[in-house]
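Taking it in order: structure first as structure tokens, then the write-up.
There are 6 protein chains.
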Amino acid sequence: MKAWPTAEPRPFAAVLLFLRAIVRKARNGNEFLVVELGDKSGMFSATCFQDSAAFALFSEIAEGTIVRVEGTTERYQGKFSPRFTSVGLFSEGEVAAGNWLPKLIEAAPEDATKLWDELQEIINSIAHEGLRATTKQVFDTIGERFRVAPAATAMHHAYRHGLLEHTVHVARVARALLPLYPEVDPSLAVAGTLLHDIGKAIEYEGELAAKKSRIGILQGHVVLGYRIARQAAMKAKPALDAAMLERLEHIILSHQGELEWGAAALAATPEAVFVAMCDNFDAKMGMVQQALRNTPDTQEFSDFLPGLKVSLITTPPGAPPTAEPPPA
Amino acid sequence: MKAWPTAEPRPFAAVLLFLRAIVRKARNGNEFLVVELGDKSGMFSATCFQDSAAFALFSEIAEGTIVRVEGTTERYQGKFSPRFTSVGLFSEGEVAAGNWLPKLIEAAPEDATKLWDELQEIINSIAHEGLRATTKQVFDTIGERFRVAPAATAMHHAYRHGLLEHTVHVARVARALLPLYPEVDPSLAVAGTLLHDIGKAIEYEGELAAKKSRIGILQGHVVLGYRIARQAAMKAKPALDAAMLERLEHIILSHQGELEWGAAALAATPEAVFVAMCDNFDAKMGMVQQALRNTPDTQEFSDFLPGLKVSLITTPPGAPPTAEPPPA
Amino acid sequence: MKAWPTAEPRPFAAVLLFLRAIVRKARNGNEFLVVELGDKSGMFSATCFQDSAAFALFSEIAEGTIVRVEGTTERYQGKFSPRFTSVGLFSEGEVAAGNWLPKLIEAAPEDATKLWDELQEIINSIAHEGLRATTKQVFDTIGERFRVAPAATAMHHAYRHGLLEHTVHVARVARALLPLYPEVDPSLAVAGTLLHDIGKAIEYEGELAAKKSRIGILQGHVVLGYRIARQAAMKAKPALDAAMLERLEHIILSHQGELEWGAAALAATPEAVFVAMCDNFDAKMGMVQQALRNTPDTQEFSDFLPGLKVSLITTPPGAPPTAEPPPA
Amino acid sequence: MKAWPTAEPRPFAAVLLFLRAIVRKARNGNEFLVVELGDKSGMFSATCFQDSAAFALFSEIAEGTIVRVEGTTERYQGKFSPRFTSVGLFSEGEVAAGNWLPKLIEAAPEDATKLWDELQEIINSIAHEGLRATTKQVFDTIGERFRVAPAATAMHHAYRHGLLEHTVHVARVARALLPLYPEVDPSLAVAGTLLHDIGKAIEYEGELAAKKSRIGILQGHVVLGYRIARQAAMKAKPALDAAMLERLEHIILSHQGELEWGAAALAATPEAVFVAMCDNFDAKMGMVQQALRNTPDTQEFSDFLPGLKVSLITTPPGAPPTAEPPPA
Amino acid sequence: MKAWPTAEPRPFAAVLLFLRAIVRKARNGNEFLVVELGDKSGMFSATCFQDSAAFALFSEIAEGTIVRVEGTTERYQGKFSPRFTSVGLFSEGEVAAGNWLPKLIEAAPEDATKLWDELQEIINSIAHEGLRATTKQVFDTIGERFRVAPAATAMHHAYRHGLLEHTVHVARVARALLPLYPEVDPSLAVAGTLLHDIGKAIEYEGELAAKKSRIGILQGHVVLGYRIARQAAMKAKPALDAAMLERLEHIILSHQGELEWGAAALAATPEAVFVAMCDNFDAKMGMVQQALRNTPDTQEFSDFLPGLKVSLITTPPGAPPTAEPPPA
Amino acid sequence: MKAWPTAEPRPFAAVLLFLRAIVRKARNGNEFLVVELGDKSGMFSATCFQDSAAFALFSEIAEGTIVRVEGTTERYQGKFSPRFTSVGLFSEGEVAAGNWLPKLIEAAPEDATKLWDELQEIINSIAHEGLRATTKQVFDTIGERFRVAPAATAMHHAYRHGLLEHTVHVARVARALLPLYPEVDPSLAVAGTLLHDIGKAIEYEGELAAKKSRIGILQGHVVLGYRIARQAAMKAKPALDAAMLERLEHIILSHQGELEWGAAALAATPEAVFVAMCDNFDAKMGMVQQALRNTPDTQEFSDFLPGLKVSLITTPPGAPPTAEPPPA
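Residue numbers (the numbering used here), protein chains in the order written: chain A, 1 to 328; chain B, 1001 to 1328; chain C, 2001 to 2328; chain D, 3001 to 3328; chain E, 4001 to 4328; chain F, 5001 to 5328.
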């Protein structure tokens, strides 16, 4: 939306995601809806009065539905806030035919199917039978949601398939570094990397319009992940023995690093320290990668990145600096 | 010293490192020395009065000298504080003959010569000519001090050769992970890992009894390392071009991660983020490794580790827990 | 131990709790034990060499065993560190006959049996059938350990039965305040107060010598309590419905108040805010009560209380100040 | 204002509170006024030029005056910023006839007269004569302002009569809990709860449009409350003795809990700890109550509450969750 | 810009500073520019489409160029966002003739030439030959940039010549206080005050539109100042001896006071503590002075000042308070 | 006491300050005293049993009494803890004859009488009649205690007459800087510096053995100073007008700078910012001065200074560094 370079009121038509609707009451007692719509580039709110077709439609459809809207561009209290003249649904066929999805939602730059296959390969490479079975059990149960979930609603890997992408990347980091740290148990570390963020599959909800779910607010992904792993360990064939389960649970509970960042316990095993550091490594580098993708070549700096507390320099190191060097 | 299992006053003889001597004035105006001596396992203070042979000796010799002392075990103000009956120096031959050094000083578990060779190999692998020449120039100038310096006076790799060991380890981490992050320039990242802590070769002084030097207190290793790299870049053949030097300097200035941890700038290039994370990774895992080495097999937990804020569980994950599982 | 007003070495005999033994290796390679013994007033360490009877005994007995020791008072490195001439066990009969327990361990000032009965009464008063059955189920399973556990290893209610006492006190606070806050569901709030700290029954171990258990370090009492409540809710008759269980779990996960104090989630229901505040109220007032009990009448201030960051004024408000008022 | 569901410029007429006017100078040197007007639902700014009737009126009337305005809805720099065609005052009779006050200002949900009567009853229940007389003296002097003041300009009880409501609520909490903590002096604790926030009657000014007063900025409500209590204690019949006054003053000075939250001293008496906790309890629960009142039934979560750092779940615990439970 | 008291679209013409242009891509693939223009009173953004004259002009001219624009006032997304009908450059002669500079840029209230003369006088007063020569050398090299640079982009002395003004003020403070602290070396302290912020001459770039330069982001003014001083000390005649240079460098590296405020080392010499405090003194008082200048006489309080965390009371102490005193 | 260079038990005799006695109960029920005695160089504790002469004496005499003790040097729990064979009082004549005071208590290095005279001169220089009279009134009332009080119990100016010395120093700083900041009212600023810490005269008690008084703990020196100034302003002839008193009170309430450092309000007038900075300036420089006095010439660094977070380099800048410069 940021890129809509116009200011004067004029008719428009767009295909957009319906994000959510909030009921408000006007001073005269009549209800109206504040509707949020968006696409990959941003979002805006619009007001729909009780007697309009838009009011009727948005009162009924689910969040994340793709809609076609027509109207006039207007502003209210300084924000873009159009008046709708026509709203309508889109059939799945129309969505596919127009290849609308990639225009509406940012997705992981890597191919989701290949990432999923790599995830399977990594699971199969776990030497410890119980850990392998437990990990498989988790993804058999919750893989559907995991596959499309973002890794965050902001910060790093905050896009469709982002959780899958981040998880595979952390496992790659772990596998690359395991030879350097022989005191770390490989099966436990790899299973830990695959499951460390698994609770996010439940913490966020809405395939096309991700936000924190109620259970996500009440328990957080750390505890949810612990519960998912624990249940899978019991159902797995063979089930995971209690001693090893305790270690696996500890990795999930401690991977956030610090209590104030949401860890339920501080990492107290070599594998837990190792996984927390692999996670942190890819989270930070993921912010770098996303900034590089999103910054135009003509700019020397990215937008400010809150997770790194800087504007990243995005020109490659070999390139000549764009301004003359300082005199001293 | 912690391991000296005795309490009653009795004669003793020991070979020890002279750490330092502080002049104090007694109430009657006479000066006396508070002398610190130690070995690998700890240290203690002793008081030497003005008219003693010990006072004369410790007033003259350099910190880090190896001495032989005899005396009686006593305590003063609750600390072990012996009275010396005889003190003397050790010839270098005697030190070598008795193989005293490894008993007195903790050293990196890996062989220093092999680590040094690996460092050379890593330098030679740097593709960018100016970065390779600059890195070579640094170690040609300051390699002697670098080779024996600790990486810290506490926390991680705080032992003889520790700086060499930590530096090689961080470079190993970087080389293992570079294939996963193609946006990171390999030459710059590897040169950055080799030089990130180079200022510590000057920040600490005293080969056998490391402490912060005056210049270390006045400027800190971050600025000192920046200065060393800058001078080397100018003397190197070929000299490093200004654009690339700026990037290399930034890695050194930002590798501490946060301003309050001593960074002079926040990491703002892909390579600076990458090197700071590699450093952090090996620093944390180095604490794990040291705890595993120093904890007896009969104990389930290490001593409390301030850098990780926990007592690490040092029994391997496969081992049965030493206590029964909780009822729930 | 603080109260042992003597300094000169002399024979002694005492009945003490064996707290723990750590194996250390002397410089000559021989093992020795560092043994911790204590009673209600404090603790000390003693060194036992490999060939002594004390070494043999303390290598075998469990932590928390009551022992009779004889020896000579000595000091090592400034701490009281006796040499044992004789050590022996105590039969349960001897312990009972000498009424040793209250001399060795601080216990809740209120009678444990009456507190337990009050706990039962509070459980029975829960109107919601599922919450009542779940709470009952928890205490049927884990009541034994809960009954003797401390509420902390330091700070508030850090003594035998302290967890029971604190839990009943928090429930009393909740019941006194429920009439003032009608928006809070009474059944959920009362069940929440009874279960909020239930994980501490597992987080600490050792009936007479409490310390954090391995599972306590790996998961923490917040997650352990969540697990205990979840299992009980499923086994309870009737089982607790999912919607209410979610609310109960949330109270346990959020009762610590802030993430950095160990909460796994921030309180986001009226009942969770209410229980967290009731808990905080009694924790602080428990520190006040303990300081009032432990400060002699002749003193105007208690020792410094880290939990309140002050020395409490322990003279009653009506009493005349012990020093004249300031001139202004 | 949030609820004014319109965007297009059109005529309007409204009865509003005049909040304040700031004089600004245009680039051409002419002065103009930025006027703030509002009602219970929000506020907006409007610009009045030097030669307009609005400029003349708003230059003269006091903040908090009720006005009738007519004009056209417009926007300036993204904010609603109407042009006035007519402005006028309202007589007190017109305000009363139209029952305008409750439409313009949020007030405590409980009846102010009943709260005031309850306050009197609580004062009369104080057993200690000097404390009772001092408390009475305070409210005789400053009761008028106290009765209508808000308890805050944001956060908890931030509305007309909010200070009275919060004060009575804290006293209710104290009276409910005093039987549980016999070490707390009831007279001192109750007087302390009634007077803890008394300085807010002066810290805020403007009956209808509360903001911090100059003296509020210069001294803060903690010191102002201390001064009010001190003066009242001297004028009371009988006057309060110095020892008890010191305790009462300490409660006021320490009730904010932590220095960084504005406490002038840390609570160091049982009564000061007790009152600080009662205050904290009702402050947090007051935020819960306000969120429950202001959140429509159709919404599962309240707006984000900065004081609790969450969006509160406002559906009752018995209600079925609005979305299906997670699969795991 | 804040002072443009109008809302309706209408033609305008203005002389403004071109601050910067960012290239964006519209959804249809066409590029457009977001252009920032401003004067002393504020700034705004405007959108220029690919086929416009404005697009052509702003793609080519340097940041900080003075331009004349004509167009219609409009708004986009709530911000003032005009459409340009005509844009053009200004000759230097026209700028001078119209005396445009002081209308466009805020400058230090003191006369820059007099400040510069005073700076020279202070340099000449440095008794120590090497320090005097080094200081002279610095300003000979970098004086041009130093003279016009701001002392900050926000907070204190954030205007043209602000760095010069702040530097002279800090030296005045030092000279006034040196007689009170005889343990402080006057030459070193005065040289330190003159050079403490010298790195800001490079950290910021753009004479008329200051922002952080690339090297400013990569290294920060503390390290840049250290480098400038070090190079000057070597080129100075006589060159500064190593011992004194070390002290001077330390003052620059430590003057920010705390690591988290950007200091590379903590002040560890009497002169470093002294200079850091002089700097802090004038920084805070500079905020006071700027607030007093910018607040109209008719207002009792300044705008909120983030650096002081308050709204300053700007009426003089002798003046009667604008509202009646509180009753108590 | 640190300087007592001996460890073996032996007879001793000393003249010491009696600091305080705490009653403890031994396990057998008998009371004993823990007595604290000290001199300028430190302090120690000794145990006195119920039937001893020392017990009798120390139960009766006031804290701060000078005593003569004889006994044997012993240690208990690692601390110097002598057994007394004889204790006795000292007549005032004996104290004066032996000139004991300066040996027992550290005092301000400047002459107290001269400082006091300078204080009077500064008071007389205040131009504003009401402020001058108020300041005079304060010192007429409380000058006795003020004159001997320390400025702190740790950190800066923590010695007899330290409050007088610090106060005069801060006033000197203010008077030296007032010409540079004409927007600061001189009378108000000077009166503010003289009174900013006046509450410390009451916050600490005990002329020879300073510690926080009860009222100091309950209210803190900021509020106590406010009260003293307020009472004096009313009694002064002429009394201070309300508008100016409000400004003076604000300086006292805000001089600590930050709420977490104990300020009751944040500085919000030019004079309050000015005084807070003058105070901070001299506090930091006072730590520097004390470190320079207390560090022997043979040492390059002072002990670690918590208030500055460093060991200060105490050799003058001109002196050659004691170690060779680093190679780079």
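The beta carbon of each residue, even a glycine, is placed where N, CA and C say it ideally should be.
Beta-carbon separation (whole angstroms), residue i vs residue j, contact threshold 8 Å
i, j, result
"Leu3194/D", "Arg3247/D", "So it is not a contact: roughly 14 Å between Cβ atoms."
"Glu249/A", "Gln2219/C", "7 Å"
"Ala4158/E", "Ala4151/E", "7 Å"
"Ile252/A", "Ala229/A", "6 Å"
"Phe1055/B", "Phe1049/B", "6 Å"
"Leu2224/C", "Ile2217/C", "Incorrect: roughly 11 Å between the Cβ atoms, too far for contact."
Selection from the options that minimises the alpha carbon distance to residue i
i, options, result
"Leu37/A", "Ser91/A, Leu164/A and Val67/A", "Val67/A"
"Asp2279/C", "Ala2053/C, Leu2163/C, Phe2055/C and Met2244/C", "Leu2163/C"
"Arg1165/B", "Ala1107/B, Ala1191/B and Thr1134/B", "The sequence shown places Glu at residue 1165/B, not Arg. Among Ala1107/B, Ala1191/B and Thr1134/B, the Cα nearest to that of Glu1165/B belongs to Ala1107/B."
"Leu2308/C", "Phe2281/C, Gly2093/C and Ala2276/C", "Phe2281/C"
"Ser5052/F", "Gly5088/F, Ala5210/F and Ala5239/F", "Gly5088/F"
"Asp1197/B", "Thr1085/B, Thr1298/B and Gly1262/B", "Gly1262/B"
CB contact check: residue i to chain D, cutoff 7 Å
i, result
"Tyr5076/F", "With a pLDDT of only 49 at Tyr5076/F, under 50, the local geometry of the prediction cannot be trusted, and the value read off the model is given with reservation. Chain D, which has no Cβ nearer than 7 Å to the Cβ of Tyr5076/F, makes this no."
"Ile5217/F", "yes"
"His5169/F", "no"
Neighbour flag for residue i against chain F, beta carbons, 7 Å
i, result
"Pro4296/E", "no"
Residue i at chain E interface by Cβ criterion, 7 Å
i, result
"Val3023/D", "yes"
"Asp5185/F", "yes"
Chain B contact for residue i (CB, 7 Å cutoff)
i, result
"Arg247/A", "yes"
"Glu4106/E", "no"
Residue-chain proximity (residue i, chain A), Cβ-Cβ < 7 Å
i, result
"Thr1315/B", "no"
"Val2223/C", "yes"
C-beta neighbour in chain C for residue i, strict 7 Å
i, result
"Thr3113/D", "no"
Segments assigned beta strand (DSSP E), at least 3 residues, entirely inside the region 3280-3319 of chain D: If we require 3 residues or more, the beta strand (DSSP E) runs fully inside the region 3280-3319 of chain D come out as 3301-3305 and 3310-3313.
Within the region 5215-5281 of chain F, ranges of the alpha helix (DSSP H) (whole runs, at least 4 residues): Every alpha helix (DSSP H) of 4 residues or more that sits fully in the region 5215-5281 of chain F is shown, in chain order, as 5242-5254.
The region 4176-4184 of chain E contacting the region 5166-5179 of chain F, beta-carbon criterion three pairs below 8 Å: yes
Segment contact, 8 Å Cβ cut-off, at least three pairs: the region 1011-1024 of chain B with the region 1059-1066 of chain B: yes
Any alpha helix (DSSP H) of 4 or more consecutive residues that is wholly inside the region 1129-1169 of chain B: 1129-1148
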